[in-house]
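Chains as they are written, first to last, in my numbering: chain A, 57 to 390; chain B, 57 to 390.
Every residue gets a Cβ at the ideal spot worked out from N, C-alpha and C, and that includes glycine.
In what follows, a structure is listed as structure tokens, so that the remarks can point back to it.
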DNA sequence: TCCTAAAATGTAAACGGTTACACGCGCTCG
DNA sequence: CGAGCGCGTGTAACCGTTTACATTTTAGGA
């Protein structure tokens, strides 16, 4: 394999000049530059980035920690990360954690061994907890964020978004509203639940504890949660699922039971994944700027990497949008 | 940052011994090993893998080139890749190509600069075409494969799978069968179409060219393709969509038009993505071992990386399974 | 006790770039 | 005409690890 010395000999210049030709071409005269480029071409020279990065103590790679790639919402966030990283010359390392803290920590540890320059964390986890602030590697939490301010957090106004769903239900005349929440220990669940409660109270209503079913954000769990909600004495006329996948599972079960949506029951989801606009009926949901989450995370992370200390651990909030589709309708049609 | 020399001084041994302690512990006596480990711990030493990999001329990273991460089938394949790579000590670099050959080539080029040890390619593209066989970097094509034998190919028996869908339709009494295919230049489209034609002929039927609509594997394109098929003079009673997403779009449009599935029309898809079992009606489809594709690709790629020349460019075929669900039923019910 | 082989450890040279510093050259300006 | 400057280039050290080879230590047998 051709290295920088091969090329320097071939071009009749020093290794430094070859190096400069590729990393700081403006520091080399036009004539030598051409000479070197020609020699490099002839030798089939490609700079060894392993060596370059080693010297620079930088890998130009970003570790992305995601609980589950198969989740379509996360896929979109990753698309955003990938595209922004690509334009900035960073490559992305993918870590599928399955929500396991151990895997999470393992992957995040790659930043200590210089395999990654920073971490984007898509779940409410701090892989560097316990590390003194000035020594913490660059980290950005997105989507599901930490309460702590140990790193920049980019999130949605989950409570506000949940409120807007409740407001929509109430405006349609719904009074008995049910919820299929996510795992109870998730900040997402907590914030969305708080938003629901806030909005209910603002309308003089109560979110009955029995009308809150527990899911785990999987389609199956949405399917499974329906029976309990529909067997309540005071059956809800509208159900808010904390993500679209659970909503799709719920819709399926509701139809299996012979009910019509939205005539008998209104359903709303959260995330606006691709399939939601094609379900039957199409799903009322909260749209999140998934790709923007990814892009912004990369922007901030790169700032942290390139000028340490320049970024404060701010919490930023991206806008949501209530998308009203066919799965929600007026209450009391039957 | 603590390096190997810091530790060697602290432990009172040579750098070689420290190195051996971590890379070949069996070559170091028990007592020194303990001494070194303790010193390393005290110094907060983590080996610089950038340096190690540089020395080894290996990055222990695999480049995964995928046309579109947001595709749920690819997500599952990537999960498989990630998990197998993780257990083998490889990290995975993600390249979202959007199907653009240029991006594809750019990413694949990272193997020349030692940033990746090999490439897993999820589309029918050879990023190393033109490179002499003995110099080609490790590459495995999966899912959508090349006709050439320039690298190992892991694929499904697409024609066989398509045939089995047609057989299923015919067994239900369908005679007029429509197809929503993928992009015409895709080997996937070509093979599945060939399978359809073969099966139709075996049953003494013909696949009418007018009954073949063109999609691009997106949900929207499935939606859009329906009108043309349903306005045919000889309207099909069953439609085979070449992936599940198009099938979901198609189902949506068919229901909008007031038809019942499967009473008026049977629909089948391909891939068995997660949502397909929850659609209404649930989707008859071809199940592919997505994670297995990923795992096998990593297995083979690692063999190629570790013992070059040992792997022949074989073509292997993974099994499919026809999953019969609610979207297909007997013909001529109305 | 001595000799030999095996095991453990040390020394120092790579690996392929980058870059601080030195140097030479041509130019400008006083 | 010489000092000073800036540009382009070269020399060589350095980054942190691995590893071939040399050397020392240990163990075991005669």
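Under three-state DSSP, which class holds residue i?
i	result
residue 137(A)	helix
residue 119(A)	strand
residue 343(B)	strand
residue 283(A)	helix
residue 155(B)	coil
residue 106(B)	helix
residue 66(B)	helix
residue 174(B)	strand
residue 78(A)	helix
residue 161(A)	helix
residue 277(B)	helix
residue 295(A)	strand
residue 147(B)	strand
In chain B, which residues lie with their C-beta within 7 Å of the C-beta of residue i?
i	result
residue 305(A)	334
residue 308(A)	334 and 336
residue 115(A)	106
Show which residues of chain B have a CB atom less than 9 Å away from the CB atom of residue i.
i	result
residue 275(A)	330, 331, 333 and 334
residue 125(A)	125, 131, 132, 134, 135 and 138
Show which residues of chain A have a CB atom less than 8 Å away from the CB atom of residue i.
i	result
residue 148(B)	149 and 150
Could you tell me which chain B residues have their CB closer than 8 Å to the CB of residue i, listed as they occur along the chain?
i	result
residue 279(A)	334
residue 311(A)	336
Is residue i near the ligand SAM, judged by its Cβ being under 8 Å from some heavy atom?
i	result
residue 276(A)	Only the bare structure without any ligand can be found here, which leaves the ligand SAM out of the picture.
Report task. Would you mind listing the beta strand (DSSP E) stretches within the segment 180 to 268 of chain B that are 3+ residues and don't spill past its ends, in chain order? Result -> Counting whole runs of 3 or more residues, the segment 180 to 268 of chain B contains the beta strand (DSSP E) stretches 195 to 198, 209 to 212 and 233 to 237.
Query raised in the report: Any residues in the segment 128 to 141 of chain A with a beta carbon nearer than 8 Å to a beta carbon of chain B? Which ones, in chain order?
Result: The residues in question are 128, 131, 132, 134, 135, 138 and 139.
Query raised in the report: Which of the residues in the segment 80 to 112 of chain A, read from start to end, lie with their CB under 8 Å from any CB of chain B?
Result: Flagged, chain order: 102, 103, 104, 105, 106, 107, 109 and 110.
**Report entry** Short-range partners of chain A found in the segment 162 to 184 of chain B, where Cβ spacing is below 9 Å
**Finding:** Of all residues in the segment 162 to 184 of chain B, 162, 163, 165, 166, 168, 169, 170, 171 and 172 have a Cβ within less than 9 Å of some Cβ in chain A.
Report task. Give, in chain order, every residue of the segment 347 to 362 of chain A whose Cβ lies closer than 7 Å to some Cβ of chain B. Result -> Listed in sequence order: no entries.
Query - In chain order, each beta strand (DSSP E) run of at least 3 residues that lies wholly inside the segment 309 to 380 of chain B - result: Whole beta strand (DSSP E) segments, 3+ residues: 322 to 324, 341 to 343, 371 to 374 and 377 to 379.
Query raised in the report: Any contact of the segment 217 to 236 of chain B with the segment 185 to 193 of chain B, i.e. 3+ C-beta pairs under 8 Å?
Result: No, the segment 217 to 236 of chain B is not in contact with the segment 185 to 193 of chain B.
Query raised in the report: So does the segment 250 to 259 of chain A actually touch the segment 204 to 216 of chain A, counting three or more Cβ pairs closer than 8 Å?
Result: When C-beta atoms of the segment 250 to 259 of chain A are compared with those of the segment 204 to 216 of chain A, three or more pairs fall below 8 Å, so the two segments count as touching.
Query raised in the report: Would you say the segment 296 to 303 of chain B touches the segment 131 to 143 of chain B, given that touching needs at least three Cβ pairs under 8 Å?
Result: With a cut-off of 8 Å, the segment 131 to 143 of chain B and the segment 296 to 303 of chain B do not count as touching, because too few Cβ pairs lie within range.
Query raised in the report: Using 8 Å as the threshold, is the segment 156 to 165 of chain B in touch with the segment 134 to 146 of chain B, meaning 3 or more CB pairs across them?
Result: They do not touch, by the three-pair rule.
Query raised in the report: Does the segment 271 to 279 of chain A touch the segment 226 to 239 of chain A, meaning 3 or more C-beta pairs lie closer than 8 Å?
Result: The segment 226 to 239 of chain A makes contact with the segment 271 to 279 of chain A; the number of CB pairs closer than 8 Å reaches 3 or more.
Requested in this report: Indicate whether the contact test is met: 3 or more Cβ pairs, each with one atom in the segment 169 to 187 of chain A and one in the segment 336 to 348 of chain A, closer than 8 Å.
Outcome: Segments in contact, no.
Query raised in the report: Just checking, does the segment 116 to 124 of chain B make contact with the segment 148 to 158 of chain B on the three C-beta pairs under 8 Å criterion?
Result: A contact exists between the segment 116 to 124 of chain B and the segment 148 to 158 of chain B.
Query raised in the report: At a cut of 8 Å, does the segment 326 to 335 of chain A reach the segment 351 to 371 of chain A through at least three beta carbon pairs?
Result: The segment 326 to 335 of chain A, when compared against the segment 351 to 371 of chain A, does not touch it at the 8 Å Cβ threshold.
Query raised in the report: Between the segment 174 to 182 of chain B and the segment 191 to 200 of chain B, do at least 3 Cβ pairs fall closer than 8 Å?
Result: Touching, yes, given that three or more Cβ pairs across the two stretches are closer than 8 Å.
Report task. Specify whether the segment 95 to 108 of chain B and the segment 92 to 102 of chain A touch according to this definition: at least 3 beta carbon pairs, one from each stretch, less than 8 Å apart. Result -> Using a Cβ-Cβ distance cut-off of 8 Å, the segment 95 to 108 of chain B and the segment 92 to 102 of chain A are not in contact, since fewer than three pairs of beta carbons, one from each stretch, lie closer than that value.
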